[in-house]
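A.B. asks: Counting in the working numbering, the sequence shown runs from 156 upward without gaps.
All C-beta atoms, glycine included, are put in the ideal place defined by N, C-alpha and C.
Handing you a structure now.
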Amino acid sequence: MYRLPELEKTRPLNAIALLTSGGDSPGMNPAVRAITRAALNQGIQVFGINRGYSGLIIGDMTELTSSDVTNIVQRGGTILKSDRCLAFKDPVVRNQAAEILKEHSIDGLIVIGGDGSLTGAHLLTQETGIPVIGLPGTIDNDVYGTDDTIGFDTAVNTALEAIDKIRDTAVSHERIFLVEVMGRDSGHIAAQVGIACGAEMIIVPEYEFKLESLCFSLANERATGKGSSGIIVVAEGPRPGLTYRLAQQLQEQGENPGVCILGHIQRGGRPTGHDRVLSSCLGASAVTYLQAGYSDIMIGMINNQISITPLQEVMEKKKSLNPQLVELAQLLHK
Ligand code: ADP
Ligand code: F6P
156 MYRLPELEKT
166 RPLNAIALLT
176 SGGDSPGMNP
186 AVRAITRAAL
196 NQGIQVFGIN
206 RGYSGLIIGD
216 MTELTSSDVT
226 NIVQRGGTIL
236 KSDRCLAFKD
246 PVVRNQAAEI
256 LKEHSIDGLI
266 VIGGDGSLTG
276 AHLLTQETGI
286 PVIGLPGTID
296 NDVYGTDDTI
306 GFDTAVNTAL
316 EAIDKIRDTA
326 VSHERIFLVE
336 VMGRDSGHIA
346 AQVGIACGAE
356 MIIVPEYEFK
366 LESLCFSLAN
376 ERATGKGSSG
386 IIVVAEGPRP
396 GLTYRLAQQL
406 QEQGENPGVC
416 ILGHIQRGGR
426 PTGHDRVLSS
436 CLGASAVTYL
446 QAGYSDIMIG
456 MINNQISITP
466 LQEVMEKKKS
476 LNPQLVELAQ
486 LLHK
């Protein structure tokens, strides 16, 4: 299983701070717990910053004790709360944030969030010299430098639980259902869910989709007497309402599709065992890397090994969706 880093402690740490930012994801709480306990075990004081960068820029932080993180390993969401903070895109504001950290004698900051939050983390350390380590926390799995982000596995399993139920109705009524999963810019959730639920088709923002080919395969199925029940998994994509538009187009072609938008249900709930272990390992490793003098990196997991990637690379590179996954769903359906 995972080998945790053993590194020389070259940077003395008296106090560190941590925050969760962007869309919440199941596993953020176990990460908060792991960071807090790993640091306290080393005699390092820990400050939890409330509401992500919104709390950082006003110095809204509380010292965390071991009992503050008791009983959270199994809880979704984040006890630190999360937020989107447009003001943090301003370098002047980031400079003020660094001053606040210095006033509190914070020696290092750990940021748990998606690619936007990690971009903010990179800029903060580059501009101000505050040591910063990032952890990939988003259900979308669209962060370069890690196989899975914290929360992805739980979101996939939550979607599957719902879709397995929808399929019962789809089969009973011989009906097609379009099920929309999250993923504004990426189809990682849709691809994973699509394969695991035996979807007839997966529609993702990364690849062009042709309505005609969907109608053709539905008509073909009916012609072979297979019935026309099925699940089409749709990633929400950048423009809201895609799934309803698709349903309307299918109706115009004589189909009668049901629509289910899974929405924020995918962001909540108890983290899976996988997400709890992943976030615990990444959280503890973040403290180790901070103590070893590292900064401006994200800690991830690649091929079951803890990995580090410069935040600059995380910011610049895109984790591409494996096209084979999308094709595999269609292949296995035939
Ligand atoms: P996620 O971290 O889940 O990708 P967002 O993209 O909404 O979510 O980013 C979360 C927060 O990270 C933003 O509200 C902002 O505070 C910060 N952030 C995002 N992009 C930048 C940026 N280019 N510069 C500085 N901060 C940023
Ligand atoms: O956390 C990422 C994400 O789930 C995206 O897939 C989705 O588009 C977005 O958050 C929606 O979040 P909100 O409703 O908080 O803007």
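1) Just to check my reading of the structure: I387 and E355 have Cβ atoms closer than 8 Å, yes? What is that Cβ distance to the nearest angstrom?
2) Counting pairs of beta carbons, one from the segment 286–295 and one from the segment 224–231, are three or more of them closer than 8 Å?
3) Does the separation of the CB atoms of S176 and R422 fall below 8 Å?
4) Please report how far the alpha carbon of A439 lies from the alpha carbon of L417, in whole angstroms.
5) Taking only three categories from DSSP, how would you classify Q408?
6) Give the secondary structure of I227 by DSSP, where H, G and I count as helix, E and B as strand, and everything else as coil.
7) Given I294, which residues of its chain have a CB within under 8 Å of its CB, disregarding the five upstream and five downstream residues?
8) Hey, out of L279, E335 and G413, whose CA is closest to L397's CA?
9) Does the contact criterion of 3 or more C-beta pairs under 8 Å hold for the segment 242–249 versus the segment 199–212?
10) Measure the Cβ-Cβ separation of A170 and I265 and say whether it is below 8 Å.
11) Let me know the secondary structure DSSP gives V336 once reduced to three states.
12) Can M183 and T233 be called in contact, C-beta distance under 8 Å?
13) Is it true that the CB of L162 sits closer than 8 Å to the CB of A447?
14) Could you give the residue range of the beta strand (DSSP E) that holds A170?
15) From the DSSP output, in three-state form, read off P181 for me.
16) Given G263, which residues of its chain have a CB within under 8 Å of its CB, disregarding the five upstream and five downstream residues?
17) Let me check you understand the geometry: is the CB of K473 closer than 7 Å to at least one non-hydrogen atom of the ligand ADP?
18) By the DSSP assignment, the beta strand (DSSP E) with P426 in it spans what residues?
C.D. replies: If we stick to the structure as given:
1) Stepping through the sequence shown from its first residue, residue 387 is reached at position 232. Stepping through the sequence shown from its first residue, residue 355 is reached at position 200. Yes, they are in contact, since the Cβ atoms of I387 and E355 sit about 6 Å apart, within 8 Å.
2) no
3) Along the sequence shown, one-based indexing puts residue 176 at 21. Along the sequence shown, one-based indexing puts residue 422 at 267. Contact flag unset, no.
4) Position 284 of the sequence shown, counting from 1, holds the residue named residue 439. Position 262 of the sequence shown, counting from 1, holds the residue named residue 417. Near 33 Å, if we compare the C-alpha coordinates of L417 and A439.
5) For this step, residue 408 is matched to residue 253 along the sequence shown. In this structure, Q408 counts as coil in the three-state DSSP scheme.
6) Working through the sequence shown from its first residue, we reach residue 227 at position 72. Here I227 sits in coil by DSSP.
7) Start at 1 with the first residue of the sequence shown, and residue 294 comes out as number 139. Only G178, S180, P181, T304, G306, F307, T309, A310, M337, I344, Q421 and R422 meet the Cβ criterion.
8) Sequence index remark: in the sequence shown, residue 397 carries index 242 (1-based). Checking every option, the nearest Cα to that of L397 belongs to E335.
9) yes
10) Reading the sequence shown from its first residue, position 15 is the one you call residue 170. Reading the sequence shown from its first residue, position 110 is the one you call residue 265. Not a contact, by the Cβ cut-off of 8 Å.
11) Within the sequence shown, the letter at position 181 stands for residue 336. Strand.
12) Residue mapping note: residue 183 aligns to position 28 of the sequence shown, counting from 1. Residue mapping note: residue 233 aligns to position 78 of the sequence shown, counting from 1. Yes, they are a contact pair.
13) Against the sequence shown, residue 447 aligns to sequence position 292. Against the sequence shown, residue 162 aligns to sequence position 7. Yes, the pair counts as a contact, with Cβ atoms nearer than the cut-off.
14) Position 15 of the sequence shown, counting from 1, holds the residue named residue 170. Segment A170 to T175, the beta strand (DSSP E) holding A170.
15) Along the sequence shown, one-based indexing puts residue 181 at 26. Reduced to three states, the DSSP call for P181 is coil.
16) Sequence index remark: in the sequence shown, residue 263 carries index 108 (1-based). Around G263: R166, L168, I171, A172, I285, P286, V287, I288, L445 and S450.
17) Translated into the one-based positions of the sequence shown, residue 473 becomes position 318. No, the ligand ADP has no heavy atom inside 7 Å of this Cβ.
18) Here the question's residue 426 lines up with position 271 in the sequence shown. Neither: P426 is in no beta strand (DSSP E) and is coded neither H nor E.
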